[in-house]
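In our numbering, the protein residues as written are 297 to 531.
Yeah, the Cβ is synthetic: ideal placement off N, Cα and C, and Gly gets one too.
Predicted model only: the values in this text are computed from it and were never measured.
So the structure is just underneath, and the comments pick up after that.
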Amino acid sequence: AAPARRSPVRQGCDADPQLVQEYAPDILRSMLRRERHFMPTPDFMRLQPQLNSKMRSILNDWLWEVHRRYRLRKETLFLTVSVVDRYLSRARVLRQRFQLVGVTALLIAAKFEEIQPPRLADLAYVTDHSCTAEDIVRTEATMLAVLGFDVAGPTVAHFLQHLQASEGGVVAVGRVRGEAASPVSTASTPPRRSAAGVDVAWHLLELSLLDMRLVRHLPSRAASAALLLGRRLPG
297 AAPARRSPVR QGCDADPQLV QEYAPDILRS MLRRERHFMP TPDFMRLQPQ LNSKMRSILN
357 DWLWEVHRRY RLRKETLFLT VSVVDRYLSR ARVLRQRFQL VGVTALLIAA KFEEIQPPRL
417 ADLAYVTDHS CTAEDIVRTE ATMLAVLGFD VAGPTVAHFL QHLQASEGGV VAVGRVRGEA
477 ASPVSTASTP PRRSAAGVDV AWHLLELSLL DMRLVRHLPS RAASAALLLG RRLPG
């Protein structure tokens, strides 16, 4: 298996705060240029005779539990789901191998996003040993080949991290795209309400993993919508 390396998107988020603020528009512009390339086929389940959207929801809910159990980054969870969806857009998967694809995608994503990815033995354990370490290694090679080793694309998690860190908040996406500014700016939001709004946004994005209908939306738009809703909802 390939050695762990940090995602270029993750490196941008981990940089010095002042540098991130200075280069945030350039980082965001790069992410916006790349996001379409990493989009799955919206109706990819039609290619999967043995799978359906409910099974995807069950898998993603389980992946959420695993990412919480091992205290993985949110970026790892969302990249995992992105890898699964893109793989399903290109290759048919048997029902009995669906969990194997999911846990392997988690390993792949963790190698890009985590300093210390989960051990193969731990990943086999969380599947109740229905998948062995050898199964995961073999499937990793297959999935990477199908994806052309093109893995580390920007996800809703990367966009939300940049949006919550930027002074202009949600309006930043529209300005970088050259669109009309959003009527709601996060810059003037009180700190306590701002933090609560971000928490709500993360919760909404995690819930979105359970709904197949949201696959068609660009990550930047989904992250912006979640943050706007987080600001507007009471609490």
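query: Taking the alpha-carbon positions, what's the residue 328 to residue 380 distance?
result: 21 Å
message: Could you compute how far the alpha carbon of residue 398 sits from the alpha carbon of residue 492?
response: Across the structure, residue 398 and residue 492 are spaced so that their CA atoms are roughly 31 Å apart.
message: Under DSSP, the alpha helix (DSSP H) around residue 335 begins and ends at which residues?
response: That residue, residue 335, is in no alpha helix (DSSP H); it is neither H nor E in DSSP.
query: Should residue 438 be labelled buried (16 or more other beta-carbon atoms within 10 Å of its own) or exposed?
result: exposed
message: Using a Cβ distance threshold of 8 Å, determine whether the stretch 517 to 526 contacts the stretch 385 to 401, with at least three qualifying pairs required.
response: no
query: In angstroms, rounded to a whole number, what distance separates the CA positions of residue 433 and residue 383?
result: 16 Å
For residue 373, the first and last residue of its enclosing alpha helix (DSSP H): 370 to 384
- prompt: For residue 513, which of helix, strand or coil comes out of DSSP?
  reply: In this structure, residue 513 counts as coil in the three-state DSSP scheme.
- prompt: So is residue 412 buried or exposed if we call it buried at 16+ other beta carbons inside 10 Å?
  reply: Around the CB of residue 412, fewer than 16 other CB atoms lie within 10 Å, so the residue is classed as exposed.
message: Just to confirm my understanding: we take residue 513, look at its own chain, exclude 5 residues before and 5 after, and list those with CB closer than 6 Å. What are they?
response: none
query: What first and last residue would you give for the alpha helix (DSSP H) that runs through residue 354?
result: Per DSSP, the continuous alpha helix (DSSP H) segment holding residue 354 begins and ends at 349 to 365.
- request: Can you give me the Cβ contacts of residue 349 inside the same chain, cut-off strictly under 7 Å, excluding the 5 residues immediately before and after it?
  value: Cβ contact annotation for residue 349 (same chain, cutoff 7 Å, sequence separation greater than five): 341 and 508, in chain order.
task: Verify the CB distance criterion: does residue 513 have a CB-CB separation below 9 Å to chain C?
output: Among the chains in the structure shown there is no chain C, since it carries only a single protein chain.
- request: Pull up the distance between the alpha-carbon of residue 355 and that of residue 435, whole angstroms please.
  value: 17 Å
task: Check whether the stretch 440 to 456 touches the stretch 352 to 367, counting contact only when three or more Cβ pairs, one atom from each stretch, lie closer than 8 Å.
output: no
query: Between the beta-carbon of residue 455 and the beta-carbon of residue 518, is there less than 9 Å?
result: yes
- prompt: Between which two residues does the alpha helix (DSSP H) carrying residue 438 extend?
  reply: 429 to 442
task: Count the other C-beta atoms from every protein chain shown that fall within 10 angstroms of the C-beta of residue 352, then say buried if there are 16 or more, exposed otherwise.
output: buried
query: Does the separation of the CB atoms of residue 377 and residue 347 fall below 9 Å?
result: At a Cβ-Cβ threshold of 9 Å, residue 377 and residue 347 do not count as neighbours.
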